[in-house]
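Here is the structure we will look at.
2 protein chains.
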Amino acid sequence: MDDHRLFHLFRRLDIRDTLSADEKQALAEAAGNTVQYSAGSDMSSEGDSPDRSQLLIGGMAARYNRVESGDRQITAFHIAGDFVDLHGFLLARLDHGVSAVTDVTVVEFPHVNLTAVTERFPHLTRLLWLSTLLDGAIHRQWLVAMGRLSALSHMAHLFCEHYLRADTVALAAGMSFPFNITQEQLADALGLSTVHVNRTIQELRRLGLISWDGRTVTIHDWERLQQVGQFDPTFLDLTRSPR
Amino acid sequence: MDDHRLFHLFRRLDIRDTLSADEKQALAEAAGNTVQYSAGSDMSSEGDSPDRSQLLIGGMAARYNRVESGDRQITAFHIAGDFVDLHGFLLARLDHGVSAVTDVTVVEFPHVNLTAVTERFPHLTRLLWLSTLLDGAIHRQWLVAMGRLSALSHMAHLFCEHYLRADTVALAAGMSFPFNITQEQLADALGLSTVHVNRTIQELRRLGLISWDGRTVTIHDWERLQQVGQFDPTFLDLTRSPR
DNA sequence: CGCCACTTTGAAACAGTTCAACGTCAGTGG
DNA sequence: CCACTGACGTTGAACTGTTTCAAAGTGGCG
Chain L
1 MDDHRLFHLF RRLDIRDTLS ADEKQALAEA AGNTVQYSAG SDMSSEGDSP DRSQLLIGGM
61 AARYNRVESG DRQITAFHIA GDFVDLHGFL LARLDHGVSA VTDVTVVEFP HVNLTAVTER
121 FPHLTRLLWL STLLDGAIHR QWLVAMGRLS ALSHMAHLFC EHYLRADTVA LAAGMSFPFN
181 ITQEQLADAL GLSTVHVNRT IQELRRLGLI SWDGRTVTIH DWERLQQVGQ FDPTFLDLTR
241 SPR
Chain C
1 MDDHRLFHLF RRLDIRDTLS ADEKQALAEA AGNTVQYSAG SDMSSEGDSP DRSQLLIGGM
61 AARYNRVESG DRQITAFHIA GDFVDLHGFL LARLDHGVSA VTDVTVVEFP HVNLTAVTER
121 FPHLTRLLWL STLLDGAIHR QWLVAMGRLS ALSHMAHLFC EHYLRADTVA LAAGMSFPFN
181 ITQEQLADAL GLSTVHVNRT IQELRRLGLI SWDGRTVTIH DWERLQQVGQ FDPTFLDLTR
241 SPR
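In C-alpha cells, the structure reads:
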C-alpha cells in the first residue's frame, strides 16, 4: 500500500503543505521502476528528451553543464526526496547532464503517469510544480552567492543550505549531514578552482565553523556560519501553508 | 473578447505548444487590473507574500537580491509576455525584490483566479508551470556563464539570450532589440563591476559583434556572438510540442 | 545653461587561478 | 602482509582577470 520509496518525497512535501491519502496513493501509483546508478555514472545526458522523471531516494546527484574549456559547472545538488529532472516532464530537452555523485537509487516516474496525475489531482499538481519552484529559488540564491559573495561566504551559504535540506528529509543527525563529494565537485558547484576550494575549506575549519572528512559535514557554529554565508532560509520555504 | 493585453504571453506560449480558445479565454478571465510602474520603482519587495502575480506587458523588469555589502545581484530580466513572479503563486514568500528597469505595465493575476485555472484546466496549468520552468532553465545558464565563462563570454551569452527572447514575443526588429538599461544594471546581472562591464562592452563593440546605445542592442555578427558566448539556444525550448 | 546621472579612462590593489610539486590514504594484487 | 597505485588533498609561488578608487568626459533634460 504505502510505498516506502516515497518516504523522503512525502516528507519534503508534507513540510510545505498537507498531502491527502488519495494524493499519496496517486503518487505511489505513478511511480515506476527503481533504478541504481554507481558513483560517477551519468543518469541523464545533455540534450536527452526523457520520457520519465527520476525521484532520488538514496545517494547524491548533481546537474551539470560543460563549457568549451572542458570546465564543468554544477547547477544543483540533489538528495533523497528530490526529483533530479522533474522539469524534464514539460521541457522538451534537458539542458544539462545529471551525474551520480555517490551510488544512487532513483524511482522513475513515467511522464504519461505524471500527465495523468495533473489531469486528476490539481492540488497535487501544484505541489509538484512547487517542487520545481524550490529548485528555481535555490538557483537564484546560488546566483547571488556566485555573483556577489566571496568564496568563503559562498561556501558557508552552501553548507547552510545543505544542512537544512538534509534536515527536512531526516538525513541530518544533530548538526551533521552526509556530504560525500570531492573537493573538485564542490569547486564545480561554487565556480572556483579546486585549489581555492581547498584553501577556503581550511579557512572555514580554522574559524571553527565546520568540519568535513569528505563524507560528513558537521557544523560547529550554526549562527556564525549563517552570518558568514549571509544565509536567510526564507528561500527554502520551510513553512506549511495551503498551496 | 480577445484581451489584447495578453498578446505577448499567448505568443510566448504558442511557440511551445497550442493554446485552445477555451484556454485563452480562461486566462483572459483570470486577468485583473492593469498597473503601471515608473522606471526605478519597486514592483515587489523581498519577503512579500503577494496575493497576485504580475504579467509584464510593456517595459523591462528585474528580479534582484541585495547582500550586506550593499551590492545587488540581478537574477532575472523580464520583458513583455513574462510573468515576473508567477512562482509567487505557490511560494509563500518572495525571496527577491522586483524592480521596474524602465517604465513598466503589468496585468495582475489574483492567485485565487490562478488556483481556479489549475482546478479546471490541467493542460493550461502545465503551460503556466512550463513558464516557470523556462525561468529555471535561464537561471541555470546564468549560473554556468557566471561560474565558468569570462566576462566577455558571459555578456555575449546574455545578449544572445535576450535577442531570442525578444524575437519570440515580436519585440526584435531585424537583429536589434530594446535593451534600455544602464551599465550598472547590466553589471548587477553579470556579477561584475560597472567599470569592467564598460570595458567588456567596448571589447564586444571593438570585435564588431554588437552595438548598443543604451536603448537598443544591435547584433552585427550573430554567428560569432554565439561562439564567443558559447550560446546554445536549446535551454529556451523554442520548439512546439504537446506538454 | 547647467545639472545630474551615466559612461569612460588610468593606475594600483586584490581575490582567485594556474602550474607544479608533494603528501596521504584506501584499495589491490603479488 | 606489504609494496604499489591512483585518486584525492595540500602547499607554494607566480600570474591574471577583475575590482577599486579617483577623476574626467558626455549628454539629455528642466
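Keeping their order, the protein sequence lines are chains L and C.
For the first sequence, the residue numbers in my numbering are 1 to 243.
For the second sequence, the residue numbers in my numbering are 1 to 243.
Backbone N, C-alpha and C define an ideal beta-carbon position, used for all residues, glycine too.
| field | DSSP state of Asn-180(C) mapped onto helix, strand, coil | value | Mapped onto the second sequence, residue 180(C) falls at position 180. Three-state DSSP puts Asn-180(C) in coil, outside helix and strand.
query: Quick one: which chain C residues come within Cβ less than 7 Å of Met-146(L)?
result: As a first step, residue 146(L) is located in the first sequence; it is residue number 146 there, counting from the start. Close to Met-146(L), with beta-carbon spacing below 7 Å, are these residues of chain C in chain order: Leu-143, Met-146, Gly-147, Gly-191.
Check: What do you get for Pro-50(L), buried or exposed, if any count of 16 or more other CB atoms within 10 angstroms of its CB means buried?
Finding: Position 50 of the first sequence, counted from the first residue, corresponds to residue 50(L). Burial state of Pro-50(L) is buried, judged by a 10 Å Cβ sphere holding 16 or more other Cβ atoms.
- Along chain L, which residues have their Cβ under 9 Å away from the Cβ of Glu-119(C)? In the second sequence, residue 119(C) corresponds to position 119, counting from 1. Under the 9 Å cutoff, chain L gives Pro-122, His-123.
Under 9 Å from the C-beta of Gly-81(C): neighbouring residues of chain L = Against the second sequence, residue 81(C) aligns to sequence position 81. Those do not exist, as Gly-81(C) stays about 18 Å from chain L at its closest Cβ, beyond 9 Å.
*Looking at the unbroken alpha helix (DSSP H) that takes in Asp-167(C), where does it start and where does it end?*
For this step, residue 167(C) is matched to residue 167 along the second sequence. In the DSSP assignment, Asp-167(C) falls within the unbroken alpha helix (DSSP H) covering 151-168.
Can you list, in chain order, the residues of its chain with a C-beta nearer than 7 Å to that of Met-1(C)? Leave out the 5 residues immediately preceding and following it. Within the second sequence, numbered from 1, the residue matching residue 1(C) stands at position 1. At Met-1(C) the pLDDT is 46, less than 50, meaning the model places this residue with poor confidence and gives no usable figure here.
At the level of alpha carbons, what is the spacing between Phe-89(C) and Ser-53(C)?
The residue you call residue 89(C) lines up with position 89 of the second sequence. The residue you call residue 53(C) lines up with position 53 of the second sequence. Their backbone Cα atoms lie some 6 Å apart in a straight line.
query = From what residue to what residue does the beta strand (DSSP E) around Pro-110(L) run?
reply = Taking the first residue of the first sequence as position 1, residue 110(L) is located at position 110. Its beta strand (DSSP E) spans residues 104-110.
**Asked** Can you find a C-beta in chain L that's less than 9 Å from the C-beta of His-139(C)?
**Response** For the purposes of this step, residue 139(C) is taken as the residue at position 139 of the second sequence. Taking Cβ atoms only, chain L reaches closer than 9 Å to His-139(C), which makes this a yes.
**Prompt:** Would the beta-carbon of Leu-56(C) fall within 9 Å of that of Ala-31(C)?
**Reply:** Along the second sequence, read from residue 1 onward, the residue named residue 56(C) stands at position 56. Along the second sequence, read from residue 1 onward, the residue named residue 31(C) stands at position 31. No, they are not a contact pair.
| query | Nearest chain L C-beta to Val-107(C) closer than 9 Å, yes or no? | reply | Mapped onto the second sequence, residue 107(C) falls at position 107. Not flagged as an interface residue toward chain L: Val-107(C), since no C-beta distance is shorter than 9 Å.
TODO: Look at the alpha carbon of Asp-103(L) and the alpha carbon of Ser-41(L), and state the distance between them as a whole number of angstroms.
DONE: Here residue 103(L) refers to the residue found at position 103 of the first sequence. Here residue 41(L) refers to the residue found at position 41 of the first sequence. Rounded to the nearest angstrom, the two C-alpha atoms are 9 Å apart.
| Does any C-beta atom of chain C lie closer than 9 Å to the C-beta of Phe-7(L)? | Taking the first sequence and counting its residues from 1, the one referred to as residue 7(L) is at position 7. So, not an interface residue.
*At a CB-CB cut-off below 7 Å, which residues of chain C make contact with Leu-133(L)?*
Indexing the first sequence from 1 puts residue 133(L) at position 133. Chain-order list of chain C residues neighbouring Leu-133(L): His-87, Leu-90, Leu-91, Thr-132, by C-beta distance under 7 Å.
- Beta-carbon of His-96(C) versus every beta-carbon of chain L: anything under 9 Å? Numbered from its first residue, the second sequence carries residue 96(C) at position 96. So yes, His-96(C) belongs to the interface.
Open item on the list: Can you check whether the C-beta of Met-1(L) is within less than 9 Å of a C-beta belonging to chain C?
Closed with: The sequence position of residue 1(L) within the first sequence is 1, counting from 1. For Met-1(L), the predicted model reports a pLDDT of 46, less than 50, meaning its position is unreliable and no value from the coordinates is stated.
If you measure from the beta carbon of Val-200(L) to each beta carbon in chain C, is any gap under 9 Å? For the purposes of this step, residue 200(L) is taken as the residue at position 200 of the first sequence. According to the sequence as given, residue 200(L) is Thr; it is not Val. It does not: the Cβ of Thr-200(L) has no partner Cβ on chain C nearer than 9 Å.
Minimum C-alpha distance to Leu-236(L) - residue among Pro-178(L), Ser-131(L), Glu-108(L):
One-based indexing of the first sequence puts residue 236(L) at position 236. Out of Pro-178(L), Ser-131(L), Glu-108(L), Ser-131(L) has the C-alpha closest to the C-alpha of Leu-236(L).
Tell me the residue span of the alpha helix (DSSP H) that contains Phe-10(C). Within the second sequence, the letter at position 10 stands for residue 10(C). Note, Phe-10(C): alpha helix (DSSP H), 7-14.
- Give the residues of chain L in contact with Ser-241(C), contact being defined as C-beta atoms less than 8 Å apart. Residue mapping note: residue 241(C) aligns to position 241 of the second sequence, counting from 1. The answer, in chain order, is Ala-92.
Next on the checklist: List, in chain order, every chain C residue whose beta-carbon is nearer than 9 Å to that of Arg-226(L).
Outcome noted: Taking the first residue of the first sequence as 1, we reach residue 226(L) at position 226. Inspection of the sequence shows that residue 226(L) is occupied by Gln rather than by Arg. Going along chain C, no residue has its Cβ under 9 Å from Gln-226(L), so there is no contact; the nearest lies around 12 Å.
- Answer yes if the region 155-169 of chain L comes into contact with the region 197-213 of chain L, meaning at least three C-beta pairs across the two stretches below 8 Å, and no otherwise. Cβ pair count under 8 Å is three or more, so yes.
Measure the alpha-carbon distance for His-111(L) versus Pro-122(C) and round it to whole angstroms.
Locating residue 111(L) in the first sequence gives position 111, where the first residue counts as 1. Locating residue 122(C) in the second sequence gives position 122, where the first residue counts as 1. Here the alpha carbons of Pro-122(C) and His-111(L) stand approximately 14 Å from one another.
| message | Is Phe-179(L) a contact residue of the ligand SAH, with contact defined as CB to any heavy atom under 8 Å? | response | Summarising the ligand content, the structure contains no ligands, and the ligand SAH is consequently not present.
- What's the C-alpha gap between Arg-72(C) and His-4(L)? The residue given as residue 72(C) occupies position 72 in the second sequence. The residue given as residue 4(L) occupies position 4 in the first sequence. Between Arg-72(C) and His-4(L), the C-alpha separation is close to 44 Å.
Next item on the list: Taking Thr-75(C) as the query, report the chain L residues whose CB atoms sit under 7 Å from its CB, ordered along the chain.
Entry: In the second sequence, the residue the question calls residue 75(C) occupies position 75. By Cβ distance, chain L contributes Arg-140, Leu-143, Val-144.
Please list the partners that Arg-126(C) has in chain L, where partner means a Cβ-to-Cβ separation under 7 Å.
Counted from its first residue, the second sequence places residue 126(C) at position 126. Residues of chain L passing the Cβ test: Leu-90, Thr-118.
task: Could you pull the start and end residues of the alpha helix (DSSP H) that Met-146(L) belongs to?
output: As a position in the first sequence, residue 146(L) is number 146, starting the count at 1. Taken as a continuous stretch (DSSP letters only), the alpha helix (DSSP H) holding Met-146(L) covers 122-148.
Check: Which residues of chain L have a Cβ atom closer than 8 Å to the Cβ of Gly-18(C), listed in chain order?
Finding: Position 18 of the second sequence holds residue 18(C). With the sequence shown as reference, residue 18(C) is identified as Thr, and Gly is not the correct amino acid for it. Within 8 Å of the CB of Thr-18(C), no CB atom of chain L is found; the nearest one sits about 14 Å away.
query = Helix, strand or coil: how does DSSP classify Glu-223(L) here?
reply = The sequence position of residue 223(L) within the first sequence is 223, counting from 1. Helix, per DSSP.
Check your understanding: If you compare alpha carbons, which of His-8(L), Leu-9(L), Arg-16(L) is closest to Arg-243(L)?
Key -> In the first sequence, the residue the question calls residue 243(L) occupies position 243. Closest in C-alpha terms to Arg-243(L), from the list His-8(L), Leu-9(L), Arg-16(L), comes Arg-16(L).
Boundaries of the beta strand (DSSP E) in which Asp-42(C) is found, first to last residue: Here residue 42(C) refers to the residue found at position 42 when the second sequence is read from its first residue. That run of the beta strand (DSSP E) goes 42-44.
| query | Is any beta-carbon of chain L found at less than 9 Å from that of Asn-113(C)? | reply | Numbered from its first residue, the second sequence carries residue 113(C) at position 113. Among the CB atoms of chain L, none fall inside 9 Å of the CB of Asn-113(C).
*Assuming Val-169(L) contacts Val-144(C) under a Cβ cut-off of 8 Å, what Cβ separation, rounded to an integer in Å, is found between them?*
Here residue 169(L) refers to the residue found at position 169 when the first sequence is read from its first residue. Here residue 144(C) refers to the residue found at position 144 when the second sequence is read from its first residue. For Val-169(L) against Val-144(C), the beta-carbon gap comes to about 27 Å, at or over 8 Å, which does not count as contact.
Just the C-alpha distance for Ile-210(L) and Met-175(L), rounded to the nearest angstrom, thanks.
As a working note, residue 210(L) is residue 210 in the first sequence. As a working note, residue 175(L) is residue 175 in the first sequence. Going by C-alpha positions, Ile-210(L) is about 10 Å away from Met-175(L).
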